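Undergrad: Take a look at the following structure, please.
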Amino acid sequence: MEVCSITAHSSESIIEEVLKIYSSIKDLEDEEILQDTSDHLKNVYQRLDDLITLPIDYEAAEAILNGHGFDQALDTIIRFIYLYTIRLETEYANSILTSNEPWEMLKIYSFYPNYCQLVRTEYQGAGLKANDTVVFLGSGPLPLTLILMCHQHGLKGVGIEQDEQRVELSRKVVDKLGLSNAIKIIHGNHFQLPLSEGADLIMIAAQAQPKKEIVEQLAKALPAGTKISCRIYEKGLRRLLDRSIFVGLPAKLAHEFKECCRIHPLPPVYNTVVFAVRSSAAAPERQ
Ligand SMILES: C[S@@+](CC[C@H](N)C(=O)[O-])C[C@H]1O[C@@H](n2cnc3c(N)ncnc32)[C@H](O)[C@@H]1O
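In our numbering, the protein residues as written are 1355 to 1641.
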């Protein structure tokens, strides 16, 4: 497989690279992405990373993403990134479980610096304080957001994960890191929010899907004044990773929630974080 990087950031070369990547992954089954150990997928993941971090402006990205009937390619690339991220987290969670130095092992995880910065942004952006409780929708096999929120900022955390195997693996990781008193992982999804726990912030993972349905359900369930934060991919070609931005999430959010602030990513972070409060109009009574 030819490994190429983009030098001329012309939209033609970017479109060509998107289509090359699409053709190299379009026939892969989910299990192949989750299990494949060859360098091929690692190369594809790196090429996508090179692509989405290209310093191109909003309009140029818009023209590329909207102008070429990319829907199928975008859906295939989003599925690949989603599954490959779960695979990386699963591999890393297992290496933490077999390590004598689990914290040292965690700190060398390639995305650790990204999460440290992202979690700091969310802790400050939401005005959280020690002993507050956050509920994180989409905690995954390696619940790094909750681990850092609790270990570095003294919070309590509840993770909601829809996949039972990932729930089990993440519980073992939390226990191995000595955080079982601070972090609880629940098997469920956005229809099973542990609101009786009293959350100071409901956090929506970048890969929690489908975003529009999640926001609709949160609007139905959350009492007025409840704070949420939602990670989205908005800047430049990062929108290759998340189609919800194209399908009316902003309008849905704006209708049910009052946006407080939006923090755009600074390297090495990829996500924009939207902070909002459940508006009182039509909000259910607080339990
Ligand atoms: C790969 S993790 C990424 C989050 C990362 N581990 C963290 O700590 O920030 C995303 C997880 O979200 C889960 N997920 C996606 N949509 C969900 C939903 N609606 N409800 C519950 N879990 C969801 C997926 O199963 C996946 O394991």
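Think of the CB as a built atom: it goes at the ideal place given N, C-alpha and C, for glycine as much as any other residue. Note that the coordinates shown come from a computational prediction; the quantities given were computed from them, not determined experimentally.
1) Considering Ala1306, what are the terminal residues of the beta strand (DSSP E) in which it resides?
2) Between which two residues does the beta strand (DSSP E) carrying Thr1475 extend?
3) Closest to Gly1492 by C-alpha separation, out of Ala1536, Ala1560, Lys1589, Gln1471, would be which residue?
4) What are the residues that DSSP puts in a beta bridge with Met1459?
5) Taking the alpha carbon of Cys1615 as the point to measure from, which residue in Glu1567, Asp1596, Arg1585, Arg1401 has its own alpha carbon closest?
6) Hey, is Lys1574's beta-carbon within less than 8 Å of any beta-carbon in chain C?
7) From this set, His1507, Arg1441, Ala1536, Lys1566, which residue's C-alpha is nearest Ala1484's C-alpha?
8) Between Asp1596 and Ile1440, is the Cβ-Cβ spacing less than 8 Å?
9) By the three-class DSSP mapping on this structure, what secondary structure does Val1488 have?
10) Between Leu1451 and the rest of its own chain, which residues show a CB-CB distance below 7 Å, the 5 nearest in sequence each way excluded?
11) Is the separation between the beta-carbon of Thr1487 and that of Val1521 shorter than 8 Å?
12) Measuring straight from C-alpha to C-alpha, what distance separates Ala1480 and Ile1617?
13) Check for me: the alpha helix (DSSP H) holding Arg1433 runs from which residue to which?
14) Rounded C-beta distance between Lys1612 and Val1631? I'm assuming under 8 Å.
15) Rounded to whole angstroms, what is the Cα-Cα separation between Leu1576 and Ile1540?
TA: Looking at the atomic coordinates:
1) The requested residue 1306 is not part of the displayed model; the chain covers only 1355 to 1641.
2) Here residue 1475 is taken as the residue at index 121 of the sequence shown, counted from 1. Per DSSP, Thr1475 belongs to no beta strand (DSSP E); it is in the alpha helix (DSSP H), 1466 to 1479.
3) Within the sequence shown, the letter at position 138 stands for residue 1492. Out of Ala1536, Ala1560, Lys1589, Gln1471, Ala1560 has the C-alpha closest to the C-alpha of Gly1492.
4) As a working note, residue 1459 is residue 105 in the sequence shown. Bridge partners of Met1459: none, in fact.
5) Residue mapping note: residue 1615 aligns to position 261 of the sequence shown, counting from 1. Minimum Cα distance to Cys1615 is reached at Arg1585.
6) Considering every chain present, this structure includes no chain C. It has just one protein chain.
7) Taking the first residue of the sequence shown as position 1, residue 1484 is located at position 130. Answer by Cα proximity: His1507.
8) On the sequence shown, residue 1596 is found 242 positions in, with the first residue counted as 1. On the sequence shown, residue 1440 is found 86 positions in, with the first residue counted as 1. Result no, Cβ atoms of Asp1596 and Ile1440 do not sit closer than 8 Å.
9) Stepping through the sequence shown from its first residue, residue 1488 is reached at position 134. The answer is strand: DSSP assigns Val1488 an E or B state.
10) Within the sequence shown, the letter at position 97 stands for residue 1451. Around Leu1451: Lys1526, Val1527, Lys1530.
11) Numbered from its first residue, the sequence shown carries residue 1487 at position 133. Numbered from its first residue, the sequence shown carries residue 1521 at position 167. No, these two residues do not count as a Cβ contact at 8 Å.
12) Within the sequence shown, residue 1480 is the residue found at index 126, counting from 1. Within the sequence shown, residue 1617 is the residue found at index 263, counting from 1. Each residue's CA atom was taken as its position, placing Ala1480 and Ile1617 some 11 Å apart.
13) Taking the sequence shown and counting its residues from 1, one reaches residue 1433 at position 79. It spans 1425 to 1451 - the alpha helix (DSSP H) in which Arg1433 sits, taken as one unbroken run.
14) Position 258 of the sequence shown holds residue 1612. Position 277 of the sequence shown holds residue 1631. Yes, they are in contact, since the Cβ atoms of Lys1612 and Val1631 sit about 5 Å apart, within 8 Å.
15) For this step, residue 1576 is matched to residue 222 along the sequence shown. For this step, residue 1540 is matched to residue 186 along the sequence shown. Each residue's Cα considered, the two are about 18 Å apart.
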